[in-house]
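Here the structure comes first, spelled out in structure tokens, and everything after it is commentary.
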Amino acid sequence: AVCNSSRTRCKDPPDKLFTVHGLWPSSMVGPDPSNCPIKNIRKREKLLEPQLEIIWPNVFDRTKNKLFWDKEWMKHGSCGYPTIDNENHYFETVIKMYITRKQNVSGILSKAKIEPDGRKRTLLDIENAIRNGADNKKPKLKCQKKGT
1 AVCNSSRTRC KDPPDKLFTV HGLWPSSMVG PDPSNCPIKN IRKREKLLEP
51 QLEIIWPNVF DRTKNKLFWD KEWMKHGSCG YPTIDNENHY FETVIKMYIT
101 RKQNVSGILS KAKIEPDGRK RTLLDIENAI RNGADNKKPK LKCQKKGT
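Residue numbers for the sequence shown follow full-length UniProt numbering, beginning at 1 and rising by one.
Dropping the structure here:
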């Protein structure tokens, strides 16, 4: 979706695989927090990076994955405290959410016959597929129009 909605072309879009676009803490009221003070310093372990390269690539430039992940941690992950303890925990959480059956959105959508094949889907179809595959948990989705 980010490749279709951005003015910047994706240089290396993943083939037939939904990837992570982000993990952002949200607020029940007001705007979602960003760029929060870091409470606990524990850097991302290099052992996580091969998994992140597959499930959370920088689709605009895969040679800059580490810079992209650093930016995501600083802008969004840092606001997850105390649920998210530190940078390493943030990325471990993303990996666990992606590979576990109940939160693997790529697997859930694929099972519902929703593939990244360029076909348009309604928001309701996507939401219902995720709810059916994730114990009726309602996803927070954000639609982007092409070029915005």
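Using N, Cα and C, we set each Cβ at its ideal position, and we do this for glycine too.
Of the listed residues the options, nearest to residue i (C-alpha basis)
i           : options         : result
residue 60  : 3, 120, 137     : 3
residue 53  : 112, 98, 119    : 98
residue 18  : 123, 116, 130   : 116
residue 111 : 122, 95, 128    : 128
residue 20  : 124, 26, 55, 68 : 55
residue 44  : 32, 37, 66, 25  : 66
Distance, residue j Cα to residue i Cα
i           : j           : result
residue 179 : residue 73  : Given a span of 1 to 148 for the chain in the structure shown, any question on residue 179 remains unanswerable.
residue 93  : residue 119 : 30 Å
residue 126 : residue 114 : 8 Å
residue 84  : residue 70  : 15 Å
residue 48  : residue 64  : 16 Å
residue 88  : residue 46  : 10 Å
Sequence-distant residues of its chain with Cβ nearer than 7 Å to residue i (five each side left out)
i           : result
residue 34  : 75, 76, 79
residue 86  : 40, 41, 42
residue 137 : 131
Helix, strand or coil at residue i [DSSP, three-state]
i           : result
residue 36  : coil
residue 104 : coil
residue 117 : coil
residue 23  : coil
residue 9   : coil
residue 91  : helix
residue 141 : coil
Spatial neighbours of residue i in its chain, beta-carbon cut-off 6 Å, leaving aside the 5 residues before and after
i           : result
residue 133 : 108
residue 81  : 39
If you scan the segment 38–85 from start to end, which runs of the alpha helix (DSSP H) of 4 or more residues do you find wholly inside it?
Counting only runs that start and end inside the segment 38–85, the alpha helix (DSSP H) elements of at least 4 residues fall at 49–55, 65–75.
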